[in-house]
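First comes the structure, then the notes that go with it.
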Amino acid sequence: MLGLSEDSISHLDSLPAHPAATAQAPFSFHRPQQIENYSDFTKYSPDMGTAPSRPEPDFTEKRRVQAKMAAQAKDLADSLATLDLNAVASSKSGSLERSLLEDWEYVAAKDPVISLSRTILSHTDISNSLLKRKPVVNDTFVFNTALPFIPKPIANQQSSGRCWLFASTNILRYTIAQHPGLGLAPDADFQLSQSYLFFYDKLEKSNYYLENSIELADRALDDRLVQYLSMAPLNDGGQWDMVVNLLERYGVVPKS
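Per my numbering, residue 6 is the first one in the sequence shown, and the count goes up by one each step.
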């Protein structure tokens, strides 16, 4: 930074203005002032507004999480501080003796809360038994929208990976079953054949794998692409675009 003394500034102020600058405001030097904080800096800086260029981030949630973690760490430290490493062992050898286990069992059996917990946990899954009742009641999922027409029967994919085909055919049959041209009774059983589409899906996947095998025949067996294509060439899985391709090429037929 160029430093000018008070005498130099006074001398420069007394100099005549340059002829080329007569059409503009006269140039003058100002004594630098000490800036105490950021607000003063913006006041003396014409290129910067009084507000920051971007809003300051809100760290409220972050501070709340940090405070909670700090409190948990303090609780853990306090609980560990109460441990007495010099305490006398329950047995001379320091091991758990049968008599000690029997005493613990006697005390536990007399506690009604422990007895009830044992009864429940011995007949149900522990993850379900430990659920709190209040959130379960508050978050109960209720079907509050009923369709005017419910196709029957309920489709079941069993243990196969054809969920994508069952979901697609169920969506289609809701509209097809109501078509006047079919003349179905409202309570009639009607399904679209998932096996029909499943057969042609296997055919297309087989052809896809064979075409790729021919194209990659000159590659080594441990080639990354060859190994990837050979991992599951005929798996049951699929997705929406595959359903669209099957329907456009092969159509759909009733199950019976």
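Where is the CB? At the ideal position from N, CA and C, for every residue including glycine.
Three or more Cβ pairs closer than 8 angstroms define a contact, and the stretch 195 to 215 meets that threshold against the stretch 167 to 177. Distances from the CA of D192 to each of P158, A222, Y214 were compared; the closest alpha carbon is that of P158. In the DSSP assignment, V231 falls within the alpha helix (DSSP H) that extends over 229 to 236. Inter-segment contact for the stretch 137 to 157 and the stretch 230 to 239 is absent: fewer than three beta-carbon pairs are separated by less than 8 angstroms. Here DSSP, grouped into helix, strand and coil, assigns P259 to strand. Remark: C-beta atoms of D206 and G243 approach each other more closely than 8 angstroms.
The C-beta distance from G166 to N240 rounds to 7 angstroms, short enough to fall under 8 angstroms.
Looking at the DSSP output, K157 bridges to D194. Secondary structure note for R69: its alpha helix (DSSP H) is the uninterrupted segment 65 to 86. Secondary structure within the stretch 124 to 151: not one fully enclosed beta strand (DSSP E) run of 3 or more consecutive residues is present.
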